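Position 123 of the sequence shown, counting from 1, maps to 116 under the working numbering, and the rest follow consecutively. In what follows, a single structure is set out as structure tokens and then discussed.
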Amino acid sequence: MNTFLAIVMGFLAGSIPFGLLLTRAAGLGDVRRIGSGSIGATNVLRTGNKGLAAATVLFDAVKGALPVLVAALYWPGTEGWAAIAAVAGHCFTPWLGFLGGKGFATAAGVLAALAWPAMLACAAIWAAVLTVSRISSVSSMVTVVAAPAVAWALGYPQAVFPLIAIAAIVLIQHRANIGRLLRGEEPRIGGKG
């Protein structure tokens, strides 16, 4: 029952579409109608509002971290399930026909709650890959794939299984990006198109 409650709580928290809610509140319309059609911060940035994109990152991270912290407090041992459910809720939100964002910011929040030293290390990996590749999707995918190994190396073995499951979800959400990368069509930061 505790695991079920953690999963439901995580999924419902994760399913709040902050990117969509914030852009609508700011009078910018439906963020799903521009760019990639995602509700995540990268697509919110395509509205031209950097502050709104930053707020989306923050809220999406918090909605990942909060259920994990609550699960740890009330149902110890269920944190991993709350973590997976929060990312799944963001990526497959029932309020939007089970469509959503790519899951990276929510995964970052989850990682911060599960193993904050691993989150700091992964932030460095993300920044390094982004600097070298200048491709947002590449830095996100490399980071989520590296996260389980980083958590293990830093002494958080309990986080490894949830992080593997989360990496799988995030990679599934990036399938269109993977296709563009294979075709050499994925846009670079600061590039055209």
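For each residue, glycine too, the CB sits at the ideal point set by N, CA and C. Model, not experiment: these values are computed from the prediction.
Could you pull out every residue in the same chain whose Cβ sits closer than 6 Å to the Cβ of S133, ignoring the five residues on either side in sequence?
-> As a working note, residue 133 is residue 140 in the sequence shown. For S133, where only same-chain residues beyond five positions count, the Cβ hits under 6 Å are F97.
Report yes or no: do three or more beta-carbon pairs, one from the segment 49 to 63 and one from the segment 74 to 81, lie closer than 8 Å?
-> yes
Inter-residue Cα distance where the pair is D53 and R176 | Taking the first residue of the sequence shown as position 1, residue 53 is located at position 60. Taking the first residue of the sequence shown as position 1, residue 176 is located at position 183. If you take the alpha carbons of D53 and R176, they lie about 30 Å apart.
In whole angstroms, what is the alpha-carbon distance linking R26 and G94?
-> Against the sequence shown, residue 26 aligns to sequence position 33. Against the sequence shown, residue 94 aligns to sequence position 101. Each residue's Cα considered, the two are about 13 Å apart.
Apart from the five residues on each side of it in sequence, which residues of its chain come closer than 7 Å, Cβ to Cβ, to A139?
-> Here residue 139 refers to the residue found at position 146 when the sequence shown is read from its first residue. Answer for A139: C115 and I118, listed in chain order.
Closer than 8 Å to chain D by CB, L5 = Looking for chain D here will not work: only one protein chain is present.
For A18, which option in A105, G148 and L45 has the closest C-alpha, if you only look at C-alpha atoms?
-> Here residue 18 is taken as the residue at index 25 of the sequence shown, counted from 1. Closest option to A18, Cα to Cα, is L45.
Short Cβ contact (8 Å threshold) for V137 with W145 = In the sequence shown, the residue the question calls residue 137 occupies position 144. In the sequence shown, the residue the question calls residue 145 occupies position 152. Contact: no.
Which whole runs of the alpha helix (DSSP H) in the segment 41 to 79 are 4 residues long or more, in chain order?
-> 43 to 67
Work out the CA separation of Q166 and L123 for me, nearest whole Å.
-> Numbered from 1 along the sequence shown, position 130 holds the residue referred to as residue 123. Numbered from 1 along the sequence shown, position 173 holds the residue referred to as residue 166. Answer to the nearest angstrom: the Cα atoms are 19 Å apart.
How about W68: is its Cβ closer than 7 Å to a heavy atom in the ligand NAD?
-> The ligand NAD is absent from the structure shown, which contains no ligand whatsoever.
I32 and V103 closer than 8 Å at C-beta = The count along the sequence shown starts at 1 and reaches residue 32 at position 39. The count along the sequence shown starts at 1 and reaches residue 103 at position 110. Cβ atoms of I32 and V103: not closer than 8 Å.
Would you give the residue range spanned by the alpha helix (DSSP H) that A108 belongs to?
-> Translated into positions along the sequence shown, residue 108 becomes position 115. Taken as a continuous stretch (DSSP letters only), A108 belongs to no alpha helix (DSSP H), as it is neither H nor E.
Simplified DSSP state of G186, which is helix, strand or coil | What you label residue 186 is simply residue 193 of the sequence shown in a count that begins at 1. Residue confidence for G186 is low, a pLDDT of 46 falling below 50, so the modelled location carries little weight; the figure read from the coordinates is stated next. Note: G186 maps to coil in three-state DSSP.
Can you list, in chain order, the residues of its chain whose CB lies under 8 Å from that of E179, leaving out five sequence neighbours each side?
-> Taking the sequence shown and counting its residues from 1, the one referred to as residue 179 is at position 186. Around E179, the same chain offers I128, S130, V131, N170 and R173 as residues with beta carbons nearer than 8 Å, after the five sequence neighbours per side are excluded.
Residue(s) in a DSSP beta bridge with L92 | Locating residue 92 in the sequence shown gives position 99, where the first residue counts as 1. Looking at the DSSP assignment, L92 forms a beta bridge with T86.
Excluding five sequence neighbours on each side, which residues of the same chain lie with their C-beta closer than 6 Å to the C-beta of H191?
-> Outside the displayed span of the chain (-6 to 186) sits residue 191, for which this structure offers no information.
How is the alpha helix (DSSP H) around G30 delimited, first residue to last?
-> If you number the sequence shown from 1, residue 30 lands on position 37. Note, G30: premise wrong, no alpha helix (DSSP H); not H, not E.
For N36, does the count of other Cβ atoms within 10 angstroms reach 16, so buried, or fall short, so exposed?
-> Translated into the one-based positions of the sequence shown, residue 36 becomes position 43. Counting the other Cβ atoms within 10 Å of the Cβ of N36 gives 16 or more, which makes it buried.
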